[in-house]
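Asks: If you use numbering that gives the first Met the number 0, the sequence shown corresponds to residues 0 to 562, in order.
Beta carbons are placed, not taken as given, at the ideal position from N, Cα and C, and that holds for glycine.
Keep in mind that this is a model prediction, so the values were computed, not measured.
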Amino acid sequence: MIALSGCGFDFSQFFEYPIDSEVYTTRQRTIIPDATPWGLDTIYPYEVAKYAAAGYGMWHYGDGVDEGKVTDLMPTNYEAGSVTNKAKLLTFFAITDIHITDEETPCQVIYYGYKSGGGVASSTYSPVMMYSTQVLDAAVQTINALHRKNPFDFGISLGDACNSTQYNETRWYIDVLDGGEIDPDSGDKDDPVFGPRNDYQDRFKAVGLDKSIPWYQTLGNHDHFWIGTYPVNDYLRETYTGEEILCTGNVFVDPLNALDQRKYYMGAIDGRTVYGDIIGVGAVEDFTSPPKVLAADPDRRSLTRSEWMNEFFNTTSTPVGHGFNQVDASNGFACYSFIPNPDVPIKVIVLDNTQSETDGNYLDAPDYGHGSLDEARYNWLVSELDAGQAANQLMIIAAHIPIAVEAENSAMGWWSAHAYINQTDLLAKLHTYPNLLLWIAGHRHFNQVTAMPYNASDADDHPELSFWQVETSSLRDWPQQFRTFEIVRNSDNTISIFTTDVDPAIKEGSLAAQSRFYAVAAQQLFKNPVSDPPTGAYNAELIKQLSPAMQTAIQNYGTPIPH
Numbered sequence: 000m001i002a003l004s005g006c007g008f009d010f011s012q013f014f015e016y017p018i019d020s021e022v023y024t025t026r027q028r029t030i031i032p033d034a035t036p037w038g039l040d041t042i043y044p045y046e047v048a049k050y051a052a053a054g055y056g057m058w059h060y061g062d063g064v065d066e067g068k069v070t071d072l073m074p075t076n077y078e079a080g081s082v083t084n085k086a087k088l089l090t091f092f093a094i095t096d097i098h099i100t101d102e103e104t105p106c107q108v109i110y111y112g113y114k115s116g117g118g119v120a121s122s123t124y125s126p127v128m129m130y131s132t133q134v135l136d137a138a139v140q141t142i143n144a145l146h147r148k149n150p151f152d153f154g155i156s157l158g159d160a161c162n163s164t165q166y167n168e169t170r171w172y173i174d175v176l177d178g179g180e181i182d183p184d185s186g187d188k189d190d191p192v193f194g195p196r197n198d199y200q201d202r203f204k205a206v207g208l209d210k211s212i213p214w215y216q217t218l219g220n221h222d223h224f225w226i227g228t229y230p231v232n233d234y235l236r237e238t239y240t241g242e243e244i245l246c247t248g249n250v251f252v253d254p255l256n257a258l259d260q261r262k263y264y265m266g267a268i269d270g271r272t273v274y275g276d277i278i279g280v281g282a283v284e285d286f287t288s289p290p291k292v293l294a295a296d297p298d299r300r301s302l303t304r305s306e307w308m309n310e311f312f313n314t315t316s317t318p319v320g321h322g323f324n325q326v327d328a329s330n331g332f333a334c335y336s337f338i339p340n341p342d343v344p345i346k347v348i349v350l351d352n353t354q355s356e357t358d359g360n361y362l363d364a365p366d367y368g369h370g371s372l373d374e375a376r377y378n379w380l381v382s383e384l385d386a387g388q389a390a391n392q393l394m395i396i397a398a399h400i401p402i403a404v405e406a407e408n409s410a411m412g413w414w415s416a417h418a419y420i421n422q423t424d425l426l427a428k429l430h431t432y433p434n435l436l437l438w439i440a441g442h443r444h445f446n447q448v449t450a451m452p453y454n455a456s457d458a459d460d461h462p463e464l465s466f467w468q469v470e471t472s473s474l475r476d477w478p479q480q481f482r483t484f485e486i487v488r489n490s491d492n493t494i495s496i497f498t499t500d501v502d503p504a505i506k507e508g509s510l511a512a513q514s515r516f517y518a519v520a521a522q523q524l525f526k527n528p529v530s531d532p533p534t535g536a537y538n539a540e541l542i543k544q545l546s547p548a549m550q551t552a553i554q555n556y557g558t559p560i561p562h
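1. Beta carbon of residue 191, beta carbon of residue 198: below 7 Å?
2. Roughly how many angstroms lie between the CA atoms of residue 567 and residue 313, to the nearest whole one?
3. Compute the Euclidean distance between the alpha carbons of residue 431 and residue 49, then round it to the nearest angstrom.
4. Over the uninterrupted alpha helix (DSSP H) stretch that includes residue 383, give me the two end residues.
5. Buried or exposed for residue 147, going by 16 or more other Cβ atoms inside 10 Å?
6. Excluding sequence positions up to five away, which residues of its chain have a Cβ less than 7 Å from the Cβ of residue 63?
7. Give me whichever residues DSSP pairs with residue 84 in a beta bridge.
8. Taking only beta-carbon positions, decide if residue 218 is within less than 7 Å of chain D.
9. Am I right that residue 539 and residue 69 are in contact with their C-beta atoms under 8 Å? What's the rounded C-beta distance?
10. Tell me which same chain residues have a C-beta within less than 6 Å of the C-beta of residue 335, skipping the five on either side of it?
11. Which of the three DSSP states, helix, strand or coil, is assigned to residue 417?
12. Just the C-alpha distance for residue 365 and residue 254, rounded to the nearest angstrom, thanks.
13. Taking 7 Å as the threshold (C-beta atoms), are residue 90 and residue 503 in contact?
14. If you reduce the DSSP assignment to three classes, tell me which class residue 235 lands in.
15. Going by beta carbon distance, what residues of the same chain come within less than 7 Å of residue 533, once the five residues before and after it are set aside?
16. May I ask which residues mark the beginning and end of the beta strand (DSSP E) holding residue 543?
17. Is it true that the stretch 156 to 164 meets the stretch 90 to 100, where meeting means three or more beta-carbon pairs spaced less than 8 Å apart?
18. Report the three-state DSSP secondary structure of residue 93 (helix, strand or coil).
19. Per DSSP, residue 263 forms a beta bridge with which residues?
20. Going by alpha carbons, who is nearest to residue 318 out of 173, 196, 103 and 352?
21. Which residues in the same chain as residue 131 place their Cβ atom closer than 7 Å to its Cβ, once the five residues preceding and following it in sequence are excluded?
22. Buried or exposed for residue 383, going by 16 or more other Cβ atoms inside 10 Å?
23. For residue 175, which three-state DSSP category applies?
24. Keeping to the same chain, check which residues put their C-beta closer than 6 Å to that of residue 491; ignore five residues upstream and five downstream.
25. Can you list, in chain order, the residues of its chain with a C-beta nearer than 6 Å to that of residue 60? Leave out the 5 residues immediately preceding and following it.
26. Pick helix, strand or coil for residue 392, following the three-state DSSP scheme.
27. If contacts are defined as beta-carbon pairs under 8 Å, then residue 166 and residue 293 qualify, I think. What distance do you get, rounded to the angstrom?
28. Taking Cβ to Cβ, would you say residue 519 is nearer than 7 Å to residue 56?
29. Report yes or no: do three or more beta-carbon pairs, one from the stretch 447 to 455 and one from the stretch 479 to 488, lie closer than 8 Å?
30. With a CB to CB cut of under 6 Å and the five nearest residues on each side skipped, what residues in its chain are close to residue 289?
31. Using a Cβ-Cβ cutoff of less than 7 Å, which residues in the same chain neighbour residue 15 once the five nearest sequence positions on both sides are dropped?
32. To the nearest angstrom, how far is the alpha carbon of residue 473 from that of residue 442?
33. Would you call the stretch 276 to 283 and the stretch 382 to 396 in contact, with 3 or more CB pairs under 8 Å?
34. Grab me the residues of residue 22's own chain with a C-beta within less than 6 Å of its C-beta, minus the 5 sequence neighbours each way, in chain order.
35. Can you say whether residue 52 is buried or exposed, counting buried as having 16 or more other CB atoms within 10 angstroms of its CB?
36. With the cut-off set at 7 Å, would you say residue 245 and residue 105 are in Cβ contact?
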């Protein structure tokens, strides 16, 4: 726990939406959704005003969670109990899948989710979409509080900063991190609850990430594809900035042709209403004329991949470009690497493994939300890994989409069957680099830690060629967490990776607290996949074997840890 109340600050002078005065990680305290009672009234997700009375959205605090030392990648005779943490090498945080959303845009897909439930993902509709900027602001303030206690070397965002390529969504995201004034109301100016700072449409002053923390950006599929699924065509581009609500076929029934069909109006949120009432949704035959949003807005325009990358140069935080300054953003190549601390031999390789706009759309891999590498990006990755290995650098790959967590041909297989390299061959290549510590990712919206062994049937076969994969949950959907990482050198020159999930320290009665209530309710209604129920959190000390050469090379690095 970190107590902020003793700092001598009057938070009301600095923050429009202050967080709670005490900050915990999920190692100390967790948030547990209340069990939904038998016979709970069945309601539709769009019936937001009924959530509380029907028993949805309630939660309580629980004990912290900690799996302790995890040695799944170590030799069979490894004794972790006698090993101590010797020196701190690197500390950083990861946020991902924030999905900053303009809920009033005419170019969304509410139709697919507003009456759904029981296993249908809430990504198409959830009332949390109205509070995305306020939740990010609360998470940033929580990061700042943790930084004052144990400083971060850097932070990284693992993609899907915005929900659907829009300029205003991207600017709100960057401006929250920069500490700018946020006006989350697009189109006409609305005020569902009269007065300032009391509803999701009100302007507020974001606190901004502590200026001493550099932060870096990864490209996600939602950052350059419409709703993360399709390249933006002429019809979509016109719809973004118009008044008429999007009309398409069913992308789940006919994913190859749905965008060219005019069967269903997709709906939008009425920003004048407290609960975000849905307008303009349903079959075409139910309307006498095309439904419209309240007002058009040119700031809803869709950004190309290059335009999106270039927005990160319009920032007041560091580094300018947030990683894209190392590449030619004009060509949309969103891969780069950096060394967070020049005194520590750890390199972060930021990999764009989203699909390309030029990929085909196939029945065996419909839409464009899959992981993929083309030849240029794969060759770049190999060259970065080769260089890091030759330079005796430990390496972390940061990408939006995880690898080898699902079969390529499964219903939720997250790797394109048409990528330049398949998952099996990519994994085999990664297992040739003993200095690879981690692959970190988002995309699936839940926390998961996966051991990636070199030889799953023989723990003693080159354990140094194994690595860990750590997925971080979305700040949009339950459990609405971010993650911290601490890389530590141990007394036997193995490496420990401390992974810790963090709930934003929201203040009771705040708009971010309202979002948490909605996130819990949506989870109860939609039953999205989640690891480690009921908290959704997984904290552990992940131990990684190094090669003898790297053990020698690393033995004098790091800040000593007192015992």
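Replies: So, from the listed chains and residues:
1. yes
2. Residue 567 lies beyond the stretch modelled for the chain, which goes from 0 to 562, so this question has no answer here.
3. 55 Å
4. 374 to 389
5. exposed
6. 25, 26, 27, 28 and 29
7. 489
8. As a matter of chain content, chain D is missing from the structure shown, which is built from one protein chain.
9. 5 Å
10. 322, 325, 326 and 349
11. coil
12. 6 Å
13. no
14. helix
15. 31 and 32
16. 539 to 543
17. yes
18. strand
19. 247 and 282
20. 173
21. 97, 98, 99, 100 and 475
22. buried
23. helix
24. 82
25. 28
26. coil
27. That pair is no contact at about 19 Å.
28. yes
29. no
30. 243
31. 196, 203 and 204
32. 8 Å
33. no
34. 1, 141, 144 and 504
35. exposed
36. yes
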